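Here is the structure we will look at.
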Amino acid sequence: MPFKSIKDAISNIESKKISIRELNLEFIKKIKDNKNLNIFIYFDEKKIINQIDNLEKDNSNKKLKGIPLAIKDLFCTKDMPTTAGSKILENFNPTYESFVTQKLINDGAIFVGKTNLDEFAMGSATDTSYFGNTINPLSKKDNPLAPGGSSGGSAAAVAADLCLGATGTDTGGSIRQPASFCGVVGIKPTYGLCSRWGIAAFASSLDQAGVFTNNVEDSSILLETIAGFDQRDSTSSNVNIPNYFDNLNDDLSGMTVGIPKEYTIDGMPEEINLIWEESKKVLENKGVKIKNISLPHTKYALPTYYIIAPAEASSNLARYDGVKYGFRANGISSLDEMYEQTRGEGFGKEVKRRILIGTYVLSAGYYDAYYLKAQKVRKLIANDFKEAFKECDFIVTPTAPSAAFPLNEKKQDPIKMYLNDVFTVPASLAGLPGISIPFGKDKNNLPLGIQILGKHFDEQLVFNVALSLERSSE
Ligand code: GLN
């Protein structure tokens, strides 16, 4: 690839060292050479050429002009189908563009395709998609690894150099965990920073859009584009969006980092503790004070998440009934049968499991015991962070309790799969921004991620810390 970074590609296009066409043709070729990884649900070379043709005629200055990006197939796109990784949306062609993708188009980005994901973003391995598994590009031939999930296609696309950046969504870790598994940078911003308009909803009180890139600078460039207030999403925040890239600064002297004692679990590979220690050392050398903190309700985060997320999913997915969108089952004799057959055939196993759990915890008689209780615990988890941030400026933890695991290792055991989200869900429940950056390797030479969490809307500091750690490992 001519460039690994958006920043370099932008300056080389501007100085005419490479044309938009030349750059994108390289990526098209690479995508075609890597079809075996099953990273894209939708890829159409002609569509890319069309976008190049249009940009070549366009004389205006656009920040991301000609930059090849991949889009998680959960974002509605007008010119490309949107499936959410589900049979139920197999032939769905949205009539509108999501807020995030529209912003990227406005800035001149090229969409190379729509990436594979867990069905409706439910999963941690990109193995629940109707369109098959994605394979982690870092796998050895005889041992295919999961790219993480649910945005595994997007993380893999960046890791395999099939684009320079990609969009993702993170409800309980779906950007940070695949970023860690694929060795790329992934940011989930504060809940409300990016509008959810036009993103197929999974759990609306948790869903957030974000981006994958090869480095922290690029992450700040892309986030700047996709952030912003939007009236069509009532949870979108009307805050000032800083110029993240221009304000990048790796001077952290005088800051305090919080190290939560709860972020370690039995059976975690030793290398994860080592990279965590290493990150502390690097920060200490940069003049950062280390503060051991406690987030006492962390142990309840997984059960809380796996009540709230399915509850919201069961409600959000009620709209897929064979009437309004996509797939409808054949050979039906009544309306009830049409609903049942369509949903029975259209949804995969994991989605059905979530709908059943969600319906159960919301049903009369169980609502107070499960859903309401989970909401109360969610508040306690958020309060833990609030208290912690009185003593520190940001928090550093491992991103996940393992490196990329072999495909199918956890597929038969949903609880094992859910456990992999243990370090990402607390920040999701609290709505906090978090980034995962590659930071060291395990004994099999697979990348491991470090997670940096910040206060609400403190993405700038999250980027600054990430940059500082990134520079130390270069
Ligand atoms: N792995 C988590 C789940 O399956 C998170 C998914 C996500 O963030 N979209 O719910």
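What the sequence shown shows, in numbering that gives the first Met the number 0, is residues 0 to 473, in sequence order.
Each residue gets a CB set at the ideal place from its N, CA and C atoms; glycine is no exception.
Please read all numbers here as calculations on a predicted model, not as lab measurements.
- Segment contact: the stretch 154-165 against the stretch 407-426, fewer than three CB-CB distances shorter than 8 Å; contact not assigned.
- Cβ neighbours of Ser194 within its own chain (closer than 6 Å, five residues either side excluded): Phe98, Asp229, Asp232 and Ser235.
- Restricting attention to Asp367, Asn35 and Asp43, the CA atom closest to the CA of Gly112 is found in Asp43.
- Look at the beta carbons and you see the stretch 131-141 not touching the stretch 162-174: under three pairs across the two are nearer than 8 Å.
- In the three-state reduction of the DSSP assignment, Cys75 falls in the coil class, being assigned neither a helical nor a strand state.
- Cα atoms of Leu361 and Tyr370: separation of roughly 6 Å, rounded to the nearest angstrom.
- For Ser14, the number of other beta carbons within 10 angstroms of its own is below 16, and it is reported as exposed.
- By alpha-carbon distance to Asn444, the top candidate from Leu418, Ile451, Ala402 and Arg470 is Ala402.
- When only Cα atoms are considered, Leu452 and Asp245 end up about 21 Å apart.
- About 25 Å separates the Cβ atoms of Leu73 and Ala8, ruling out a contact at the 8 Å cut-off.
- Look at Phe404: its beta carbon is at least 7 Å from all of the heavy atoms in the ligand GLN.
- If only uninterrupted alpha helix (DSSP H) runs of at least 4 residues are considered, those enclosed by the stretch 142-199 are 151-158 and 175-181.
- Approximately 10 Å separates the beta-carbon atoms of Ile19 and Asn11; this is outside 8 Å, ruling out the contact.
- Exclusion of Ser467 from the 7 Å shell around the ligand GLN follows from its C-beta lying no nearer than that to any non-hydrogen atom of the ligand.
- Short of 8 Å from the beta carbon of Asn142, and not among the five residues preceding or following it, lie these beta carbons of its own chain, in chain order: Pro405.
- Residue environment for Arg318: exposed (fewer than 16 other C-beta atoms within 10 angstroms of its C-beta).
- For Tyr41, the secondary structure class from DSSP, reduced to helix, strand or coil, is strand.
- The Cβ atoms of Asp441 and Glu270 lie closer than 8 Å to each other.
- Taken through DSSP and simplified to helix, strand or coil, Pro425 comes out as helix.
- Between the ligand GLN and Phe211, a heavy atom-to-CB distance of less than 7 Å is absent.
- Within the stretch 204-239, the complete alpha helix (DSSP H) segments at least 4 residues long are 215-225, listed from N- to C-terminus.
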